[in-house]
Structures are given as structure tokens and as C-alpha cells.
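**Student:** Following this message is one structure expressed as C-alpha cells.
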Amino acid sequence: MIPLRMHPDAARLPLADEIRGLGGVWILCDARGVIVDAPPAAPGDLVAAVLTRSRAFHQVLRSVVPALAADRTGSIAEPMPGLYLIASRMPNSDRAPVGIAVIPTAAFAYGDDLLLVASSAGLDAGAIREQLLGYDPIEPREIARLAPLIRFAHRADVERDLEIGASDAVGWQLAETYEEINLLYTLVSGMSGADEPAPFVQLGCSELVRSLGFAWAAVSLLPPLSKLIPDDGAAVAGEVPFATADLSQVVKLLLTEISGDGPRVFPRGHKLLGQLRIESSVAVCPIRCNGHMAGVLVAGERRDRDGEIPSIDLKLADATAGHLAIYLENANLYRDLDKMFLGTLEAIVAAIDAKDPYTRGHSQRVAALSRDLARSIGIGDPTLKQIHIAGLVHDVGKIGVPEAVLSKPGRLNDTEFDQIRMHPEVGWRILHDIPQFSGMLDGVLSHHERWDGRGYPNGLAGREIPLIARIISLADSFDAMSSNRTYRASRPRAAVFEEIQRCAGSQFDPDLVVPFCRLDFGDYDRLHAEHEARALTLAAVRPPRREAA
Numbered sequence: 007m008i009p010l011r012m013h014p015d016a017a018r019l020p021l022a023d024e025i026r027g028l029g030g031v032w033i034l035c036d037a038r039g040v041i042v043d044a045p046p047a048a049p050g051d052l053v054a055a056v057l058t059r060s061r062a063f064h065q066v067l068r069s070v071v072p073a074l075a076a077d078r079t080g081s082i083a084e085p086m087p088g089l090y091l092i093a094s095r096m097p098n099s100d101r102a103p104v105g106i107a108v109i110p111t112a113a114f115a116y117g118d119d120l121l122l123v124a125s126s127a128g129l130d131a132g133a134i135r136e137q138l139l140g141y142d143p144i145e146p147r148e149i150a151r152l153a154p155l156i157r158f159a160h161r162a163d164v165e166r167d168l169e170i171g172a173s174d175a176v177g178w179q180l181a182e183t184y185e186e187i188n189l190l191y192t193l194v195s196g197m198s199g200a201d202e203p204a205p206f207v208q209l210g211c212s213e214l215v216r217s218l219g220f221a222w223a224a225v226s227l228l229p230p231l232s233k234l235i236p237d238d239g240a241a242v243a244g245e246v247p248f249a250t251a252d253l254s255q256v257v258k259l260l261l262t263e264i265s266g267d268g269p270r271v272f273p274r275g276h277k278l279l280g281q282l283r284i285e286s287s288v289a290v291c292p293i294r295c296n297g298h299m300a301g302v303l304v305a306g307e308r309r310d311r312d313g314e315i316p317s318i319d320l321k322l323a324d325a326t327a328g329h330l331a332i333y334l335e336n337a338n339l340y341r342d343l344d345k346m347f348l349g350t351l352e353a354i355v356a357a358i359d360a361k362d363p364y365t366r367g368h369s370q371r372v373a374a375l376s377r378d379l380a381r382s383i384g385i386g387d388p389t390l391k392q393i394h395i396a397g398l399v400h401d402v403g404k405i406g407v408p409e410a411v412l413s414k415p416g417r418l419n420d421t422e423f424d425q426i427r428m429h430p431e432v433g434w435r436i437l438h439d440i441p442q443f444s445g446m447l448d449g450v451l452s453h454h455e456r457w458d459g460r461g462y463p464n465g466l467a468g469r470e471i472p473l474i475a476r477i478i479s480l481a482d483s484f485d486a487m488s489s490n491r492t493y494r495a496s497r498p499r500a501a502v503f504e505e506i507q508r509c510a511g512s513q514f515d516p517d518l519v520v521p522f523c524r525l526d527f528g529d530y531d532r533l534h535a536e537h538e539a540r541a542l543t544l545a546a547v548r549p550p551r552r553e554a555a
């Protein structure tokens, strides 16, 4: 029986080592007989060297292997006296290479063909013969019994390698999938929880550093999206190897080397990285919105992989860039819609204010004052924005009040005053079916309520009055006293403050009066001057009203 050599720990040697221990050589050829893989000959192993380097032997393989490969069950050939080839091919695999066990016997060692093979390899035939015979060559009669063992061992080796490869692949895939799921989960969670683009962009950079092990990551946005985050559209995380102020220039240079829309890794030592004095490899992932370049994500140096960036990390960095693109595209769209919404509101409010030239700009000034007062007492977004919009639309109900009543120069009679008192409820009815105004309706309905309960329409008192309404009430009264009316001139600022302080605790929330009087009214005064000048200009060019016949 032919022995199998074993490791001391009883683990079977690889097939190539087994066959070499029997005096032969294991090689892999394609169907044409061209060697595609062969174990390197150990120093001093002349037999292995001559069989893998000899041009004459390669010619023999090209003439014999195609016929052996065509035999699915495997076959044996003796192309030179005493030199046997045992072919083994995996079933149902046309593309797999053909395994060839080359088995020299004593007859080959003493034959003339050894001289031919040795000469074409540039080796000494005598030294090869001596080494070959030292292996105690297999007898030719053993070849037929050896062939099925080699084929079995070949199949077992391939199947074992496939199992190991599959196991390793599953392990890597699980690790990579966990990283990807963890990264994407964090980003998706951030998309649903972030109200502003800047924190979400920063989150994307930080997760590449925290979850994937990049030493640094940065995002640079191009106009117009750069306006969405501060610092000129830049966000960084980790130990960035350049000044943040230089990020846009770094990105500009990297983009000159990118062709197409896909991501790319610049390996360590790339000439462009040398110009930028970046010593590690860098992943560059374009951020595209609506088919246009909107920015770039760059990340560098995987700490746990000698600084190199494998393809899976490039894939995850590109996925991060994709999520940033989706979020930024939506954020930009939302801001455009928000601007359009506010612009439409301002146009509607301006149309209402225009019914009386003396109240032109009143709602815009009340909105600005309400926002400033709310900010001064610690109210932040999104409530701050709701208060501003509520200030804009607080008088929208006046659209139902006759113009003659709104612009009447003298005192209103009871009927006219009742018409004016209806505007908070009319405004509430106009807006209450619009979901976007749900947080602002209290300001529209209750801005004429008084702290002492003597206001309208519901006679609420004290803290029964919603805070948003108490804020707008104070701003509304201040602007009314500070502006010219058909029935009186505006009051001096000191007199207005004196009246507001006198009415603290009766008309106004006393806790709001002090912070209100401490506000900076510079922006208000500029806005008021613009509106007054515009009103005077329009009054000068307005044609006189015709008297009714």
C-alpha cells in the first residue's frame, strides 16, 4: 500500500506536499495544458525545479493534457518512458483547472528524456537523477492503484478549501454586514431625528470614525447646499491631517482626479496625496443631489488595517455619502418650501395690511418683535419659528372687516367695534383646518385677551392665556402705540414704555414686560422706517377717491 506522509500533529499535508513526498510534483493546468499554478520548488529540490521550469516538459503537457482533460473520469498517460501523468478533474466544473500529478519512476531517471528535460531547464541531469533515485521512486505497477487515491485526495482538498473559503466568507460577510447595518441604522435614525442639516452631516463623519475605524472623515458641500451648514459647508471628525479651512481646496484637487460619478480610493503614496501632504490612503465619495455634484465625503486611514482602505470600507463610505445626499436634498427642498410658505404668508398679510395704509407692515413688525421677545426668555426652535409665523398671521381675520371700518379716521361706534372684535375668531376659523398652523392658532385667537380677564373673545385671565398669545399681545400693543393711525399720531418711545409698564399685571403678563423693555429695538426701528416711507410714497401716488353721487 502507498503510504501518506503525515504532520506530527496528525493533520494531513496539502496534496502538493503529499505527492512531493512520493517523489512526484502536483501542478494545475488549464484545458490547453498550460501551467496555471505550481508550488515553488524548495531550495535544492532539483526534481521539482526541472519539472516546473523545463520548456521541453511544458511542450509535453500541451500535447497530452487536452486529451486527459476531455476524460471526465480522469486518466493516466506516459508521455515519456517512465514519466507518468495522473489527471484529476472536478466533476461538473468546466472552468476548474486540471490537476496533474507528475510521477517520475526509475526508468525515467535512467532514460535519455531526462537529459532533454534537464537541458531545457538549464540543470544538471546527473544531479537530478541522483536526487530522483534517492526518493525510492514508485514502481510503474503502482501507478494504476495510486491514481484513484490522488483523485480522491484532490476532490477532498478542493471541497475542504471551498468549505474554508465559505466559512471565512460568511465570517467576513457577517462582520461587514454588522458594520453596514450598524452604520446605516445610525444614519437612518439620525435622519428621522435631526431638525437641522449640520448635526446630521456631522453624525455621518463621526460614525465613519467611530464605527468603521477611519482615523478621520470630512464633508465639504458645494454651493448652493453649502448654505445648509455653517463653516462654509464643512464638517470634520477625527484627526484630520490638514486645516479645516483648507478642506475645500483639498476636495477641489481630489475631484480633478476622479472620473465618473463613483467613489475612489487614493492609495498611500499617490502623487496627489503627496502634494497635499497626506501620508495615508484616502477614500473620496461624491455627494450628488438631483444628478449634480453637491459635495464630497473624504475619509482616511483605517487604523486597524495598516492605514489601507479595503473595498468594503469604500462601499460603506459611499453608502454614507448616499444617505447624506438624500438628507441634504430633502433639507434643501424643505427650506425652499419653507421660504415659499413664508413668502406666501407675507404676501397675504401685506395684502391685508394694505387695506389701511397706516397699518402697512404692522404684522411683519409684530412677528419680528414676538420672535425677539420669545428668544430673550429662552424659547428655541421650533417654537420660536411658530411664534414668528403666528405674529405674521395674528390679524388675518381682518380680511372679513370692511375697509371703511379699518381706515375710519374717528372713533368707532359699537357696531363697528363689534366687527373689529370678531377678527380673532375669523382668523382662527380661516386657519384651523390647515395642519401646519396647529401650533399657532392660540396666538391668532387669544392675542386680544388681557391678563386681568377683561379681553376678548373668551375673557381668559392670567396664565389661562396661552404664552404665545401673551407674547403677541405685548408686541401688538407696542407697535400700535408706536405707529401713526388715522385717528392719532404715534407716541414717543419713552411714553410707550411707560404705558406698557403701567399696564403690567392688568393688560400684559408682568413677567414679560421687563424682558420686553430690555430688547434691542434697532431692527424694529429700521423695519418701521421702511414701512412708513413706503406708506407715504403710496399715499402720494394714490388717486383721490371719488365721492359717491
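Going by our numbering, the sequence shown opens with residue 7, and the numbers climb by one from there. Built from N, CA and C at the ideal position, the CB exists for glycine as well.
Applying the 10 Å Cβ sphere with the 16-neighbour rule, what's the burial state of Thr111?
**Tutor:** By 1-based counting over the sequence shown, the position of residue 111 is 105. So Thr111 counts as buried.
**Student:** Excluding the five sequence neighbours on either side, which residues of its own chain have a C-beta within less than 8 Å of the C-beta of Asp420, listed in chain order?
**Tutor:** Here residue 420 refers to the residue found at position 414 of the sequence shown. Taken in chain order, the list of residues that qualify is empty.
**Student:** With the cut-off set at 8 Å, would you say Val215 and Ile235 are in Cβ contact?
**Tutor:** By one-based count along the sequence shown, residue 215 stands at place 209. By one-based count along the sequence shown, residue 235 stands at place 229. Contact: no.
**Student:** For Phe220, which residues of its own chain have a beta-carbon under 7 Å away from its beta-carbon, when the five flanking residues on both sides are left out?
**Tutor:** Counted from its first residue, the sequence shown places residue 220 at position 214. So the qualifying residues of the chain are Leu214, Gly244, Ala305, Gly306, Glu307, Arg308.
**Student:** Note down the Cα distance separating Ser198 from Leu253, rounded to an integer number of angstroms.
**Tutor:** Numbered from 1 along the sequence shown, position 192 holds the residue referred to as residue 198. Numbered from 1 along the sequence shown, position 247 holds the residue referred to as residue 253. Only weak support is given to the placement of Ser198: the predicted model assigns it a pLDDT of 49, under 50, and the question is left unresolved by the model.
**Student:** Should Ala300 and Ala331 be called a contact, given that it needs their Cβ atoms to be closer than 8 Å?
**Tutor:** What you label residue 300 is simply residue 294 of the sequence shown in a count that begins at 1. What you label residue 331 is simply residue 325 of the sequence shown in a count that begins at 1. In contact: Ala300 and Ala331 (Cβ atoms closer than 8 Å).
**Student:** Is the CB-CB distance between Ala433 and Gln392 below 8 Å?
**Tutor:** Counting from one through the sequence shown, the residue named residue 433 turns up at place 427. Counting from one through the sequence shown, the residue named residue 392 turns up at place 386. As written in the sequence, residue 433 is Gly, which differs from the Ala given in the question. Not a contact, by the Cβ cut-off of 8 Å.
**Student:** Can you find the residues in the same chain that come closer than 6 Å, C-beta to C-beta, to Pro45, ignoring five residues on each side of it along the sequence?
**Tutor:** Here residue 45 refers to the residue found at position 39 when the sequence shown is read from its first residue. Counting only Cβ-Cβ distances below 6 Å, and skipping sequence neighbours, we find Ala22.
**Student:** Straight-line CA distance for Asp36 to Asp130?
**Tutor:** If you number the sequence shown from 1, residue 36 lands on position 30. If you number the sequence shown from 1, residue 130 lands on position 124. Distance between the alpha carbons of Asp36 and Asp130 is about 29 Å.
**Student:** Distance check for His329 and Leu322, CA to CA, integer angstroms please.
**Tutor:** For this step, residue 322 is matched to residue 316 along the sequence shown. For this step, residue 329 is matched to residue 323 along the sequence shown. Roughly 11 Å separates the two Cα atoms.
**Student:** Are the stretch 471-481 and the stretch 493-502 in contact at 8 Å, needing three or more beta carbon pairs?
**Tutor:** Too few Cβ pairs lie closer than 8 Å, so no.
**Student:** Helix, strand or coil, according to DSSP, for Ala73 in the structure here?
**Tutor:** In the sequence shown, residue 73 corresponds to position 67, counting from 1. Ala73: helix per DSSP, three-state reduction.
**Student:** Grouping DSSP H, G and I as helix and E and B as strand, with all else coil, what is Asp387?
**Tutor:** Numbered from 1 along the sequence shown, position 381 holds the residue referred to as residue 387. Residue state, collapsed to three classes: coil.
**Student:** Helix, strand or coil for Ser369? Go by DSSP, reduced to three states.
**Tutor:** For the purposes of this step, residue 369 is taken as residue 363 along the sequence shown, with counting starting at 1. It is helical.
**Student:** Identify every run of the alpha helix (DSSP H) within the stretch 494-538, keeping only runs that are complete inside it and at least 4 residues long; order them along the chain.
**Tutor:** You should have 499-508, 516-523.
**Student:** Alpha carbon to alpha carbon, how far is Leu155 from Ala17? Give it in angstroms, no decimals.
**Tutor:** Position 11 of the sequence shown, counted from the first residue, corresponds to residue 17. Position 149 of the sequence shown, counted from the first residue, corresponds to residue 155. With a pLDDT of 38 at Ala17, under the threshold of 50, the modelled position of this residue cannot be trusted; read the value that follows with caution. Answer to the nearest angstrom: the Cα atoms are 17 Å apart.
**Student:** Kindly indicate which three-state DSSP category Ala327 falls into: helix, strand or coil?
**Tutor:** For the purposes of this step, residue 327 is identified with residue 321 of the sequence shown, where counting begins at 1. It is helical.
**Student:** Compare the beta carbon distance of Gly461 and Glu455 with 8 Å and say whether it is the shorter of the two.
**Tutor:** Looking up residue 461 in the sequence shown gives position 455. Looking up residue 455 in the sequence shown gives position 449. A contact, by the Cβ cut-off of 8 Å.
**Student:** Only counting the same chain, and skipping five residues up and downstream in sequence, which positions put a Cβ closer than 7 Å to that of Ser382?
**Tutor:** Counting from one through the sequence shown, the residue named residue 382 turns up at place 376. Here the set comprises Pro521, Leu525.
**Student:** According to the Cβ coordinates, are Ala54 and Arg26 closer than 8 Å?
**Tutor:** Residue 54 sits at position 48 when you count from the first residue of the sequence shown. Residue 26 sits at position 20 when you count from the first residue of the sequence shown. Contact: yes.
**Student:** Round the Cβ separation of Val256 and Phe248 to the nearest angstrom and send it over; I've been treating them as touching at under 8 Å.
**Tutor:** As a working note, residue 256 is residue 250 in the sequence shown. As a working note, residue 248 is residue 242 in the sequence shown. That pair is a contact at about 6 Å.
**Student:** For the putative contact between Val104 and Leu34, defined by C-beta atoms under 8 Å, what is the C-beta separation to the nearest angstrom?
**Tutor:** Numbered from 1 along the sequence shown, position 98 holds the residue referred to as residue 104. Numbered from 1 along the sequence shown, position 28 holds the residue referred to as residue 34. Confirmed, about 7 Å.
**Student:** Do Phe484 and Ile506 come within 8 Å of each other at the CB atom, strictly closer than that value?
**Tutor:** As a first step, residue 506 must be located in the sequence shown, where it is residue number 500. As a first step, residue 484 must be located in the sequence shown, where it is residue number 478. Yes, the Cβ-Cβ distance between Ile506 and Phe484 is below 8 Å.
**Student:** Would the stretch 428-443 count as touching the stretch 386-405 if we require 3 or more Cβ pairs under 8 Å?
**Tutor:** Touching, yes, given that three or more Cβ pairs across the two stretches are closer than 8 Å.
**Student:** Span of the beta strand (DSSP E) holding Asp43?
**Tutor:** What you label residue 43 is simply residue 37 of the sequence shown in a count that begins at 1. Per DSSP, Asp43 belongs to the beta strand (DSSP E) from 41-43.
**Student:** Using only alpha-carbon positions, find the residue among Glu263, Gln281, Ala327, Pro273 that is nearest to Arg294.
**Tutor:** Working through the sequence shown from its first residue, we reach residue 294 at position 288. Among Glu263, Gln281, Ala327, Pro273, the Cα nearest to that of Arg294 belongs to Ala327.
**Student:** Can you name, in chain order, every residue of its own chain whose Cβ lies under 7 Å from the Cβ of Ser226, other than the five neighbours on each side?
**Tutor:** Here residue 226 is taken as the residue at index 220 of the sequence shown, counted from 1. Excluding positions up to five away in sequence, the list reads Gly239, Ala240, Leu253, Ser254, Val257, Gly301, Val302.
**Student:** Between Gly30 and Ala107, which are expected to be in contact by the criterion C-beta below 8 Å, what is the C-beta distance as a whole number of angstroms?
**Tutor:** Taking the sequence shown and counting its residues from 1, the one referred to as residue 30 is at position 24. Taking the sequence shown and counting its residues from 1, the one referred to as residue 107 is at position 101. Gly30 to Ala107, Cβ: 5 Å. Contact.
**Student:** Looking at C-alpha atoms only, which residue of Ala75, Phe443, Leu138, Leu480 is the closest neighbour of Leu514?
**Tutor:** Taking the first residue of the sequence shown as 1, we reach residue 514 at position 508. A small fix is needed here, since residue 514 is Phe in this sequence, not Leu. Checked all of Ala75, Phe443, Leu138, Leu480; the closest Cα to Phe514 is Leu480.
**Student:** In three-state DSSP terms, what is Gly244?
**Tutor:** Counted from its first residue, the sequence shown places residue 244 at position 238. It is a strand residue.
**Student:** Can you tell which of Leu89, Val123, Ser126 has the C-alpha that lies nearest to the C-alpha of Glu148?
**Tutor:** Here residue 148 refers to the residue found at position 142 of the sequence shown. Checked all of Leu89, Val123, Ser126; the closest Cα to Glu148 is Leu89.
**Student:** Apart from the five residues on each side of it in sequence, which residues of its chain come closer than 6 Å, Cβ to Cβ, to Pro146?
**Tutor:** What you label residue 146 is simply residue 140 of the sequence shown in a count that begins at 1. Excluding positions up to five away in sequence, the list reads Thr111.
**Student:** Out of Arg532, Ala159, Ser69, point me to the one whose CA is closest to Ile41's CA.
**Tutor:** Stepping through the sequence shown from its first residue, residue 41 is reached at position 35. Taking only the C-alpha atoms, the option nearest Ile41 is Ser69.
**Student:** Give the secondary structure of Gly406 by DSSP, where H, G and I count as helix, E and B as strand, and everything else as coil.
**Tutor:** On the sequence shown, position 400 is the one that residue 406 refers to. Helix.
**Student:** Are the beta-carbon atoms of Ile92 and Ala159 separated by less than 8 Å?
**Tutor:** Along the sequence shown, one-based indexing puts residue 92 at 86. Along the sequence shown, one-based indexing puts residue 159 at 153. Not a contact, by the Cβ cut-off of 8 Å.
**Student:** What number of angstroms, rounded off, separates the C-alpha of Asp387 from the C-alpha of Leu278?
**Tutor:** Within the sequence shown, numbered from 1, the residue matching residue 387 stands at position 381. Within the sequence shown, numbered from 1, the residue matching residue 278 stands at position 272. In a straight line, the C-alpha of Asp387 is about 44 Å away from that of Leu278.
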